[in-house]
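Enquirer: Residue numbers (our numbering): 962 to 1139.
All C-beta atoms, glycine included, are put in the ideal place defined by N, C-alpha and C.
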């Protein structure tokens, strides 16, 4: 099995962290490699390990599962839950579907941009937050809606957003203490 090269897959990490992630990925591949339909669960776990699915990781999964790289790439680019670009530790997905947009989702995007200094598709300099746009998440009754790490927050206005972001900033500060 080809090894994941310590380039894009471990930007900002050291060799020890890279080796730890690679060991976890290899264990996942080993667990699933003989199971039919293993590709999606392996990619999901790989994304949990790396935070995204760079080409190096896709190639490693392809080799480990003996699945054509084109199939791996096809799945990664087809399903919205997979990403080939790094995300922050707290990924904010703002719904810009019709109901959310009409009820102020654009204002939420502006407030997040002001508060965190990022635009849609960007990561904060400290890599704690990223923001993406999404289309209807199926919670139109709670519009406008956003998710942070897949946790749904609805009926928000720009005033409530500062408090919500602070919660995640504090949560990170507590979890990153030695």
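Given that a residue counts as buried once 16 or more other Cβ atoms are within 10 Å of its Cβ, and exposed if not, what is residue 975?
Expert: What you label residue 975 is simply residue 14 of the chain shown in a count that begins at 1. Flag for residue 975 reads exposed.
Enquirer: Starting from residue 981, trace the alpha helix (DSSP H) both ways and give me its first and last residue.
Expert: In the chain shown, residue 981 corresponds to position 20, counting from 1. Looking at the DSSP string, the run of the alpha helix (DSSP H) that includes residue 981 is 976 to 993.
Enquirer: Between the Cα of residue 1022 and those of 1009, 994, 1066, spot the shortest distance and give me the residue it belongs to.
Expert: The sequence position of residue 1022 within the chain shown is 61, counting from 1. Of the listed residues, the one whose Cα sits closest to residue 1022 is 994.
Enquirer: Looking only at its own chain, which residues have a Cβ that is under 7 Å from the Cβ of residue 1019, when we skip the five neighbours before and after it?
Expert: The residue labelled residue 1019 in the question sits at position 58 within the chain shown. Result list for residue 1019: 1030, 1033, 1034, 1037, in chain order.
Enquirer: Which first and last residues belong to the beta strand (DSSP E) in which residue 1095 is found?
Expert: As a working note, residue 1095 is residue 134 in the chain shown. It spans 1090 to 1095 - the beta strand (DSSP E) in which residue 1095 sits, taken as one unbroken run.
Enquirer: DSSP three-state label for residue 1079, please.
Expert: What you label residue 1079 is simply residue 118 of the chain shown in a count that begins at 1. Coil, per DSSP.
Enquirer: Out of 1123, 1118, 1055, which has the shortest C-alpha to C-alpha gap to residue 1075?
Expert: In the chain shown, residue 1075 corresponds to position 114, counting from 1. Residue 1075 has its Cα closest to that of 1123, out of 1123, 1118, 1055.
Enquirer: Counting C-beta neighbours from all protein chains within 10 Å, is the total for residue 1051 16 or more, i.e. buried, or is it exposed?
Expert: As a working note, residue 1051 is residue 90 in the chain shown. So residue 1051 counts as buried.
Enquirer: Secondary structure at residue 1111, three-state DSSP: helix, strand or coil?
Expert: Numbered from 1 along the chain shown, position 150 holds the residue referred to as residue 1111. Residue 1111: coil per DSSP, three-state reduction.
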